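Under this note's numbering, the first residue of the sequence shown is numbered 38, with each subsequent residue one higher.
Note that beta-carbon positions come from the ideal geometry of N, C-alpha and C, so glycine has one too.
It should be emphasised that the depicted structure is a prediction, and the values quoted were computed from it without experimental measurement.
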Amino acid sequence: MPEEKHTSDLFSTAADTAAGAIEAKHQRNLLKTGALQKAILNSANFSSIATDENGLIQIFNIGAERMLGYTAAEVLNKLTPADLAAPDEVITLAIALSVKHGKSVLPGFEAMVFNAARGVEDIYELTYIRKDGTRLPTVVTVTALRDAQEAIIGYLLI
Numbered sequence: 038m039p040e041e042k043h044t045s046d047l048f049s050t051a052a053d054t055a056a057g058a059i060e061a062k063h064q065r066n067l068l069k070t071g072a073l074q075k076a077i078l079n080s081a082n083f084s085s086i087a088t089d090e091n092g093l094i095q096i097f098n099i100g101a102e103r104m105l106g107y108t109a110a111e112v113l114n115k116l117t118p119a120d121l122a123a124p125d126e127v128i129t130l131a132i133a134l135s136v137k138h139g140k141s142v143l144p145g146f147e148a149m150v151f152n153a154a155r156g157v158e159d160i161y162e163l164t165y166i167r168k169d170g171t172r173l174p175t176v177v178t179v180t181a182l183r184d185a186q187e188a189i190i191g192y193l194l195i
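Okay, here's the thing in structure tokens:
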């Protein structure tokens with residue numbers, strides 16, 4: 038009997054050690070993934086602006102700060118991407134979408150995310166107005182961000 042107990046204890050210890058090693062590897066992978074995501078988000082080479090479902094800016098990366106001259110603190114939970122865009126272009130976009138779809142599309146954030154909200158990745162030219170008032174012509178890609186139930190939880194503009 039004591040030998041069976043000893044064997045059982047050895048198997049139990051081995052199983053615990055293996056489970057611990059698997060958990061440690063999983064934690065390292067999560068940390069690595071998190072670090073990679075943070076590095077991508079904080080890339081200074083491109084602007085990444087994420088909003089909530091109502092358009093309020095929730096993420097304004099360092100690339101957006103450098104390109105537009107605002108700090109994240111100045112825009113987070115205060116502005117929408119439409120507030121940073123050339124108003125005449127947002128109006129023109131809304132008119133074009135209204136004509137194309139046969140329904141009124143409001144100028145502003147709704148126009149900027151109209152196609153993305155309908156499941157279509159959207160790419161268009163847009164001029165942002167920098168904090169100093171100068172104009173920055175860009176090409177914007179807009180994607181809807183969805184939860185597990187496919188409800189829109191925000192938008193990503195790159």
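| Check | Outcome |
| --- | --- |
| Chain-order list of residues whose beta-carbon lies under 8 Å from that of Lys115 (same chain, five-residue window excluded) | Leu93 and Ile94 |
| CB contact flag (Thr88, Thr117, <8 Å) | yes |
| Completely contained alpha helix (DSSP H) runs for the segment 114-163, where each covers 4 or more residues | 118-121, 124-138 and 146-154 |
| For Tyr165 and Arg183, the rounded distance between their alpha carbons | 26 Å |
| Reference Thr180, options Leu173, Leu78, His138 and Ile195, closest by Cα | Ile195 |
| Beta-carbon contacts of Ile96 that lie in its chain and below 6 Å, excluding the five residues immediately before and after | Ala87 |
| Val142 versus Ile59: straight-line alpha-carbon distance, rounded | 52 Å |
| Cβ contact check for the segment 135-151 and the segment 103-112: 3 or more pairs under 8 Å | no |
| First and last residue of the uninterrupted beta strand (DSSP E) at Ile190 | Ile189 to Leu194 |
| Expected contact under 8 Å - CB spacing of Gly191 and Glu126 to nearest Å | About 22 Å; that fails the 8 Å criterion. |
| Cα-Cα separation between Asp169 and Phe83, rounded to whole angstroms | 19 Å |
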